[in-house]
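Q:
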Amino acid sequence: MKYAWMDEYLMNKTGVTKDLKEEWNWIRYMIGGKMFAAICLDEANENKPVYITLKLEPLDGDFLRQQYEDIIPGYYMNKVHWNSIKPDGEVPDDLLMEMLDKSYALVLHSFSKKRQQEILLTDYSNDTEHGDNPPGARIAACKKIKCLLNKE
Numbered sequence: 266m267k268y269a270w271m272d273e274y275l276m277n278k279t280g281v282t283k284d285l286k287e288e289w290n291w292i293r294y295m296i297g298g299k300m301f302a303a304i305c306l307d308e309a310n311e312n313k314p315v316y317i318t319l320k321l322e323p324l325d326g327d328f329l330r331q332q333y334e335d336i337i338p339g340y341y342m343n344k345v346h347w348n349s350i351k352p353d354g355e356v357p358d359d360l361l362m363e364m365l366d367k368s369y370a371l372v373l374h375s376f377s378k379k380r381q382q383e384i385l386l387t388d389y390s391n392d393t394e395h396g397d398n399p400p401g402a403r404i405a406a407c408k409k410i411k412c413l414l415n416k417e
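Residue numbers (this note's numbering): 266 to 417.
#1: Rank L324, L319, F328 by C-alpha distance to the C-alpha of G339 and give the top, closest one.
#2: Between which two residues does the beta strand (DSSP E) carrying P314 extend?
#3: Select from R330, L324, G280 the residue whose C-alpha is nearest the C-alpha of V372.
#4: Report whether the distance from the Cβ of K299 to the nearest heavy atom of the ligand GDP is below 7 angstroms.
#5: Rounded to the nearest angstrom, how far is the Cβ of K278 from that of Y369, given a contact under 8 angstroms?
#6: Report the residue ranges of all alpha helix (DSSP H) runs contained in full by the segment 317-382; include only those spanning at least 4 residues, in chain order.
#7: So which of F301, L306, E311, Y274 has the shortest CA-CA distance to K367?
#8: Quick one: Cα of L365 to Cα of L275, how far?
#9: Per DSSP, which one or two residues make a beta bridge with V291?
#10: Where I337 and N343 are concerned, what is the direct C-alpha to C-alpha distance, given to the nearest angstrom?
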């Protein structure tokens, strides 16, 4: 798969979890329990990815579908808000990263400000890399959250 980097890229985003929706054979990436991206696997072909599906603003999705034949309306999703990308197609890595970032931000901003902070703080408090409440950890977490919430 051309986008082997994608799992690590998405899992490094604040508050992201993933699961396997077995009945669909999809790896779903979620924030606060809401999906913002999925890798749709082909069970008949050694679970090779068929599509990468993500959410975009309708005008952004429409524009990109006109620019790239490998970007189509969402596979088994709302065709206005969701878009699917063929993983072995011609969509550049930097564009896919930008699309994933926009999808993440779009879903994060669908929550209330209070819920956004809960999601982002919960992720930080579960971060074993920073140990148990090092000095200044809460201040650092709040700065990080403020930065994430102000991104558009």
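For each residue, glycine too, the CB sits at the ideal point set by N, CA and C. Quick caveat, the model's predicted, so the values are computed rather than measured.
A: Checking against the coordinates, here is how it stands:
#1: Ranking L324, L319, F328 by Cα distance to G339 puts L319 first.
#2: That run of the beta strand (DSSP E) goes 313-320.
#3: Of the listed residues, the one whose Cα sits closest to V372 is G280.
#4: By its list of ligands, the structure shown contains no ligand whatsoever, and the ligand GDP lies outside what it can speak to.
#5: By a beta-carbon distance limit of 8 angstroms, K278 contacts Y369. Their separation comes to about 6 angstroms.
#6: Within the segment 317-382, the complete alpha helix (DSSP H) runs of at least 4 residues are 323-332, 358-373.
#7: Among F301, L306, E311, Y274, the Cα nearest to that of K367 belongs to F301.
#8: Answer to the nearest angstrom: the Cα atoms are 8 angstroms apart.
#9: Looking at the sequence itself, residue 291 is Trp, so the reference to Val does not match. Residue pairing for W291: DSSP places it in a beta bridge opposite K286, C305.
#10: Distance between the alpha carbons of I337 and N343: 12 angstroms.
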